[in-house]
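*Asks:* Pasting in a structure now, in structure tokens, and then I'll have a few things to ask.
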Amino acid sequence: MARTLTNRLESRFLIRFLEYPTLLASCFTSSRSLQTLAYEEVRSSGDRKNESTAIILHGLLGSGRNWRSFSRSLASSLSVSSPSDWKMILVDLRNHGRSTEVEGINPPHDLVNSAKDLADLVKASGWNWPDVVIGHSLGGKVALQFMESCARGDYGESASPPKQLWVLDSVPGEVKAEKSDGEVEKVLQTLQSLPSPIPSRKWLVDHMVELGFSRSLSEWIGSNLKRSGDSETWAFNLDGAVQMFKSYRETSYWSLLENPPKETEISFVIAEKSDRWDHDTTTRLEIISNRRRNVSEGKVATHLLCNSGHWVHTDNPKGLLEILSPNFLSSTHK
Numbered sequence: 301m302a303r304t305l306t307n308r309l310e311s312r313f314l315i316r317f318l319e320y321p322t323l324l325a326s327c328f329t330s331s332r333s334l335q336t337l338a339y340e341e342v343r344s345s346g347d348r349k350n351e352s353t354a355i356i357l358h359g360l361l362g363s364g365r366n367w368r369s370f371s372r373s374l375a376s377s378l379s380v381s382s383p384s385d386w387k388m389i390l391v392d393l394r395n396h397g398r399s400t401e402v403e404g405i406n407p408p409h410d411l412v413n414s415a416k417d418l419a420d421l422v423k424a425s426g427w428n429w430p431d432v433v434i435g436h437s438l439g440g441k442v443a444l445q446f447m448e449s450c451a452r453g454d455y456g457e458s459a460s461p462p463k464q465l466w467v468l469d470s471v472p473g474e475v476k477a478e479k480s481d482g483e484v485e486k487v488l489q490t491l492q493s494l495p496s497p498i499p500s501r502k503w504l505v506d507h508m509v510e511l512g513f514s515r516s517l518s519e520w521i522g523s524n525l526k527r528s529g530d531s532e533t534w535a536f537n538l539d540g541a542v543q544m545f546k547s548y549r550e551t552s553y554w555s556l557l558e559n560p561p562k563e564t565e566i567s568f569v570i571a572e573k574s575d576r577w578d579h580d581t582t583t584r585l586e587i588i589s590n591r592r593r594n595v596s597e598g599k600v601a602t603h604l605l606c607n608s609g610h611w612v613h614t615d616n617p618k619g620l621l622e623i624l625s626p627n628f629l630s631s632t633h634k
């Protein structure tokens with residue numbers, strides 16, 4: 301019974317913080333500039349005069365590829381309903397995915413620098429500043445930091461805050477130690493203690509199981525390995541990711557929600573079965589949402605995604621699409 305309960309807790313940890321990597325085939329064009337984040341593009345089909353941009357940010361230990369399938373569905377939906385063509389940028393955050401191979405992305409590995417990476421990518425690529433930023437979990441707080449820094453002028457006078465921010469199952473305030481079961485820290489500490497390189501994926505899975513982790517969790521961790529010669533290495537920079545998680549826990553954006561930039565909308569999607577939300581947080585968010593309903597003053601909105609845990613884009617992608625698609629342009633047309 302105790303082992304069953306432990307396994308459930310470990311599986312629940314996954315739903316809270318990590319993203320399961322999709323295995324769907326991709327037909328998107330990819331690009332990367334020197335010393336900027338790696339990314340992929342997906343575009344809505346159409347020949348409209350106007351093109352808008354959305355940046356999509358993954359969660360801890362994930363990558364942009366986790367959002368390929370959902371982004372394609374969203375782009376397809378917008379190609380019918382939107383008056384503008386859409387370019388979606390699926391970013392690999394620092395220390396994650398192909399961005400681990402990019403030189404010049406230096407510490408400290410915190411939310412401020414993670415958001416600045418996005419600004420550097422926009423500038424280096426010659427894009428317009430994004431109309432929409434979508435961030436899941438860790439990426440949700442990077443998105444909030446990006447908006448705050450844009451509004452504060454940290455990226456120069458040319459930078460403008462996104463017209464709309466979608467924060468997907470990410471708590472805006474600090475994550476207090478007393479409100480955490482410590483599962484994330486346990487996994488990260490275990491990964492830091494492993495030999496490098498990893499002998500094999502099978503060795504890793506068996507070793508994690510021997511340490512008391514569930515097989516499903518151990519196999520998910522194994523899916524984050526990539527072949528390097530005769531051994532395996534991580535598809536992420538573990539030490540850097542640990543620092544980013546620490547910054548995620550310590551940073552609060554309540555002040556931004558209390559005073560959002562004018563003509564912007566910050567929309568939170570709360571997963572019904574996610575256990576990261578407590579009553580005080582949701583109540584405070586609802587109060588702010590009810591107080592600020594006008595985009596001209598800056599608006600905060602909340603949406604409940606039913607039948608979903610933390611993996612919003614895999615647990616209930618249809619429901620998530622039904623929330624985002626009809627509301628995607630609300631802040632740009634009010």
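Mapping the sequence shown onto my numbering, position 84 (from 1) lands on 384, and the numbers just tick up by one. Note that beta-carbon positions come from the ideal geometry of N, C-alpha and C, so glycine has one too.
#1: From SER345 to LYS463, what does the alpha carbon distance come to, in whole angstroms?
#2: Using 8 Å as the Cβ pair cut-off and three pairs as the minimum, do the region 432-450 and the region 529-536 touch?
#3: From what residue to what residue does the alpha helix (DSSP H) around HIS579 run?
#4: In the DSSP assignment, the alpha helix (DSSP H) including ASP420 goes from what residue to what residue?
#5: Going by CA-CA distance only, name the one from PRO626, SER381, SER371 that's closest to VAL348.
#6: Can you tell me whether DSSP reads PHE313 as helix, strand or coil?
#7: In the DSSP assignment, what residue or residues form a beta bridge with ARG348?
#8: When we look at the beta-carbon of LEU324 and count the other beta-carbons within 10 Å, is it buried (16 or more) or exposed?
#9: Comparing alpha-carbon positions, which option in LEU585, TRP520, VAL505, ALA375 lies nearest ILE566?
#10: Between the C-alpha atoms of SER589 and ASP385, what's the straight-line distance to the nearest angstrom?
#11: Quick check on DSSP: helix, strand or coil for TYR339?
#12: How would you label ILE498, buried or exposed, when you count the other beta carbons within 10 angstroms and need 16 or more for buried?
#13: Can you check whether the CB of SER425 is closer than 8 Å to the CB of ASP392?
#14: Helix, strand or coil for SER574? Go by DSSP, reduced to three states.
#15: Does the beta-carbon distance from LEU624 to ASN616 come in below 8 Å?
#16: Scan the region 461-534 and note each continuous beta strand (DSSP E) run of 3 residues or more that stays entirely inside, going in chain order.
#17: Closest to ASP580 by CA distance: which of VAL471, GLU457, VAL569, SER437 is it?
#18: Taking 8 Å as the threshold, find out whether the region 396-414 comes into contact with the region 445-455 through three or more Cβ pairs.
#19: Got a sec, what are the start and stop residues for the beta strand (DSSP E) ASP385 sits in?
#20: Under a three-way DSSP split, which group does GLU597 fall into?
#21: Do you know how far the Cα of SER493 is from the Cα of LYS546?
#22: Alpha carbon to alpha carbon, how far is LEU421 from PHE370? Give it in angstroms, no decimals.
#23: Which residues bound the beta strand (DSSP E) around ILE623?
#24: Just how far apart, CA to CA, sit GLY397 and LEU390?
#25: Closest to SER500 by C-alpha separation, out of LYS486, GLY512, GLY522, LEU491, would be which residue?
#26: How many angstroms separate the CA atom of LEU465 from the CA atom of LEU525?
#27: Please report the Cβ distance between ASP469 and ARG576, rounded to the nearest whole angstrom; I am assuming they are in contact, meaning their Cβ atoms lie under 8 Å.
#28: Can you give the beta carbon distance from GLY440 to VAL484, rounded, assuming they're within the 8 Å contact cut?
#29: Going straight from the alpha carbon of ARG592 to that of VAL509, what length do you get?
#30: Which residue's Cα is closest to the Cα of GLU622: SER376, ARG515, GLN335?
*Replies:* Checking against the coordinates, here is how it stands:
#1: 22 Å
#2: no
#3: 579-591
#4: 411-425
#5: For the sequence presented, residue 348 should be read as Arg rather than Val. When each option's Cα is compared against that of ARG348, the closest is SER381.
#6: With a pLDDT of 44 at PHE313, under the threshold of 50, the modelled position of this residue cannot be trusted, and the question is left open.
#7: None, per the DSSP bridge assignment.
#8: At LEU324, the pLDDT of 33 sits below 50, so the modelled position is not reliable and the matter cannot be decided from this model.
#9: LEU585
#10: 29 Å
#11: strand
#12: buried
#13: no
#14: coil
#15: no
#16: 464-468, 525-528, 531-534
#17: VAL471
#18: yes
#19: 385-391
#20: helix
#21: 18 Å
#22: 22 Å
#23: Looking at the DSSP string, ILE623 is not in any beta strand (DSSP E); the run it does join, the alpha helix (DSSP H), is 617-627.
#24: 11 Å
#25: GLY522
#26: 32 Å
#27: 7 Å
#28: 16 Å between Cβ atoms; not a contact.
#29: 49 Å
#30: SER376
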